[in-house]
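Undergrad: Reminder that position 42 of the sequence shown reads as 199 in our numbering, one-by-one numbering, no gaps.
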Amino acid sequence: MAIENEILITLAAEIVEAHVSNNSIAVGEVSTLIEKVYGALEKLGVPTQAVVEKPKGAVSIRASIKPEHLVSMIDGKPYKMLKRHLTLHGYTPESYREAFGLPSDYPMIAASHSQKRREIAKTLGLGRKRKAPVEPVVADKPARKPRVKKVVAELTEG
Numbered sequence: 158m159a160i161e162n163e164i165l166i167t168l169a170a171e172i173v174e175a176h177v178s179n180n181s182i183a184v185g186e187v188s189t190l191i192e193k194v195y196g197a198l199e200k201l202g203v204p205t206q207a208v209v210e211k212p213k214g215a216v217s218i219r220a221s222i223k224p225e226h227l228v229s230m231i232d233g234k235p236y237k238m239l240k241r242h243l244t245l246h247g248y249t250p251e252s253y254r255e256a257f258g259l260p261s262d263y264p265m266i267a268a269s270h271s272q273k274r275r276e277i278a279k280t281l282g283l284g285r286k287r288k289a290p291v292e293p294v295v296a297d298k299p300a301r302k303p304r305v306k307k308v309v310a311e312l313t314e315g
């Protein structure tokens, strides 16, 4: 402890010396400057606990869920899909839910938007198994007439 104290005093003296050599300071203020620098150096070695506050949502959880849109807890603006907005602000859906105290089943897409996408998928036939491909029916074709060569045709005509 005494060695650390001596090191802090030496560092404080060097810092004050460098400051005084470049700046004009009244003689009475030098001791206060030494005390402030020493106190600041002492605080550097002490670990501090960072108090992490949960961000407060822009609106209540109940008010954030509407059929047409979801209201962001970050900025209070309405969105149909929150995922892109969250990534812009450095959140994942899980970290967003955790940061604002949202339930794990909190939606990331508005209900009306989800319904529209569901209807489009149904009309396109997505999600259904494909029907077995129909093999083309080969009908018996009548036999072709053989081609008559031009030379043979001319001889028979003339």
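All residues carry an ideal CB built from backbone N, CA and C; glycine is no exception.
May I have the straight-line CA-CA distance separating Pro290 from Lys279, to the nearest angstrom?
TA: 21 Å
Undergrad: Give the secondary structure of Val291 by DSSP, where H, G and I count as helix, E and B as strand, and everything else as coil.
TA: coil
Undergrad: Per DSSP, which one or two residues make a beta bridge with Tyr236?
TA: Leu227
Undergrad: Looking at C-beta atoms only, is the number of pairs between the stretch 180-193 and the stretch 216-233 that lie closer than 8 Å three or more?
TA: These segments do not touch.
Undergrad: Could you have a look at Ile164 and say whether DSSP puts it in helix, strand or coil?
TA: In the structure shown, Ile164 sits in a helix (DSSP, three-state: H, G or I).
Undergrad: Going by Cα to Cα distance, which pick from Glu171, Ile266, Leu245 is closest to Pro224?
TA: Ile266
Undergrad: If we ignore side chains and look at the alpha-carbon of each, how far apart do Ala183 and Ile172 end up?
TA: Just so you know, the alpha carbons of Ala183 and Ile172 end up roughly 17 Å apart.
Undergrad: Can you round the beta-carbon distance between Ala256 and Gly233 to whole angstroms, since I take them to be within the 8 Å contact cut?
TA: Going by Cβ atoms, the distance from Ala256 to Gly233 rounds to 15 Å, so no, they are not a contact pair.
Undergrad: Going by C-alpha to C-alpha distance, which of Glu161, Lys211, His242, Asn180 sits closest to Val203?
TA: Closest by alpha carbon: Glu161.
Undergrad: Could you have a look at Ile218 and say whether DSSP puts it in helix, strand or coil?
TA: helix
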